[in-house]
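Numbering (the working numbering), first residue to last: 5 to 502.
Shown next, in structure tokens, is the structure this report addresses.
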């Protein structure tokens with residue numbers, strides 16, 4: 005399976021588990037909301053039931069008060085309580101429709117209330133009102149009073165209504181308690197489920213992440229090792245590719261790259277060997293005929309020195325100059341081709357003594373002055389390479405200087421892990437358009453016939469520094485001199501200077 009599919013499937017499993025947890029919590033929230041609504045309805049039922057019972061007591065009290073005192077205020081209380089009870093019963097009827105037991109009990113309460121009011125309380129009130137106007141009415145009232153009050157029918161009816169109402173309220177309390185217990189159980193179940201699923205999600209995510217990290221890191225470590233092997237020159241390494249994954253595709257690409265690099269490096273080595281052989285042949289085999297020509301010119305000068313005209317002597321000197329230039333070119337080609345081919349040798353180098361050696365390569369009888377910063381450092385480095393750099397830069401500054409009494413300065417600046425060396429002159433300067441060209445082999449800024457130069461010195465300096473990943477820069481303008489600066493490490497080995 006491809007790694008992308010594996011990662012997608014792993015995250016899908018984790019997301020699914022968290023989705024289940026979210027669904028459980030959502031369902032719990034809905035249940036809590038439903039229970040809140042149920043509790044509000046139950047509170048209304050209990051409150052209205054209590055109001056109904058209070059009104060029953062108020063009806064009984066108002067009936068008794070009016071019968072005994074004949075006060076009209078009791079009738080107001082009575083009428084108000086009767087009216088409210090009708091409204092309460094109507095409201096309760098809408099609230100308990102989903103509970104058949106309560107609905108049946110409420111119908112019984114309504115019948116008892118109607119019978120109590122219409123058949124006992126209301127006739128007694130009417131008889132009391134009639135007893136005031138006539139003796140016959142009074143006699144009828146007393147008879148009815150004994151029949152319904154003295155015998156206890158009113159109290160029994162009232163007690164029966166209150167008993168049924170209490171049963172109705174108790175059912176509501178039981179229903180509320182059951183709902184609360186169910187909600188509590190649901191909350192606990194949801195908590196346990198959420199904890200379990202969350203724990204499973206975390207553990208699954210941990211192991212999935214561990215698997216992916218291990219799987220990916222193992223592949224990457226193998227590829228890094230392979231890349232390091234390739235970087236160290238081992239182009240015959242390879243990785244096994246057995247499954248169709250992105251890593252194996254990359255490993256296959258690395259295998260192909262290593263194979264191609266191996267082929268190209270082998271081909272490049274062959275070409276370099278051919279170039280080395282060519283440079284060797286050019287620098288050695290062509291020297292013999294040049295020496296032969298030089299010997300012939302010398303013999304002519306010795307044997308015919310008195311017979312040669314001034315023009316012929318000038319031609320012979322010109323030929324010797326061209327021979328010398330050709331020999332210098334061959335020597336430069338040989339030196340340029342050897343850079344980077346020889347194993348570097350590191351040694352403790354006193355740069356003050358090194359600059360004294362550079363002085364030996366300067367033109368004799370030159371009026372140009374070389375100023376070297378005193379107390380140059382002593383470092384452990386490639387002495388020969390550094391000597392070639394300083395020699396070529398300083399000699400080049402002397403050779404191209406246009407002022408008979410010019411000055412060439414050598415100084416340095418110490419940085420954290422390297423030195424910056426500077427070779428500065430107050431010569432003619434170089435236009436910015438030629439700052440890159442002068443580092444190309446055989447390139448010079450003056451005509452060869454007018455100035456003896458091979459154009460190899462600065463190219464050698466550039467190649468030495470390029471092979472070590474170091475920089476050389478030129479700061480120069482026509483008429484303002486030139487300053488060459490290059491970087492060089494303080495110490496190129498673990499050995500330290502004294």
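For glycine and all other residues, C-beta sits at the position ideal for the given N, C-alpha and C.
In this structure the segment 45-64 touches the segment 170-181; the number of beta carbon pairs closer than 8 Å is three or more. Less than 9 Å separates the beta-carbon of residue 168 from that of residue 116. When DSSP states are grouped into helix, strand and coil, residue 90 belongs to the helix group. In this structure, the CA atom of residue 372 is about 8 Å from the CA atom of residue 407.
Residue 124 is classed as buried because its beta carbon has at least 16 other beta carbons within 10 Å across all chains shown. Counting of Cβ neighbours within 10 angstroms places residue 92 among the buried residues, the total reaching 16 or more. The shortest C-alpha to C-alpha distance from residue 231 to any of 263, 214, 209 and 367 is the one to 263. The straight-line gap separating the alpha-carbon atoms of residue 434 and residue 224 is approximately 51 Å. When the Cα atoms are used, residue 393 and residue 233 turn out to be separated by approximately 33 Å. The beta carbon of residue 144 sits closer than 8 Å to the beta carbons of 131, 134 and 135 from its chain, once the five residues preceding and following it are set aside; these are given in chain order. The closest CA to that of residue 146, considering only 127, 15, 85 and 30, is found on 127. Between the segment 417-424 and the segment 435-444, the count of C-beta pairs closer than 8 Å stays below three; the two stretches do not touch.
Judged by beta-carbon spacing, residue 414 lies within the 9 Å limit of residue 376, meaning their Cβ atoms are closer than that value. Taking C-alpha positions only, residue 215 is separated from residue 207 by approximately 12 Å. By the 16-neighbour rule on beta-carbons within 10 angstroms, residue 15 is exposed. Sequence-distant partners of residue 474 (beyond 5 residues in either direction) whose C-beta falls short of 6 Å from its own C-beta, in its chain, are 491. Under the DSSP assignment, residue 415 falls outside any alpha helix (DSSP H), being part of the beta strand (DSSP E) whose first and last residues are 411-418.
One thing to note: residue 382 has its Cβ within 9 Å of the Cβ of residue 355. Straight across, the Cα-Cα distance linking residue 298 with residue 401 is about 30 Å. Under the three-state reduction of DSSP output, residue 429 falls in the strand class. A check of alpha carbon separations from residue 411 across 370, 379 and 378 identifies 370 as the nearest. Cβ-Cβ separation between residue 365 and residue 395: approximately 5 Å, consistent with a contact (criterion under 8 Å).
In the assembly as shown, residue 404 is a buried residue. Its beta-carbon has 16 or more other beta-carbons within 10 Å.
Here residue 493 is bridged, per DSSP, to 422. For residue 214, the uninterrupted alpha helix (DSSP H) segment begins and ends at 157-235.
Under the three-state reduction of DSSP, residue 383 is assigned to strand. Between the beta-carbon of residue 205 and that of residue 21 there is about 4 Å, and that keeps the pair under the 8 Å contact cut.
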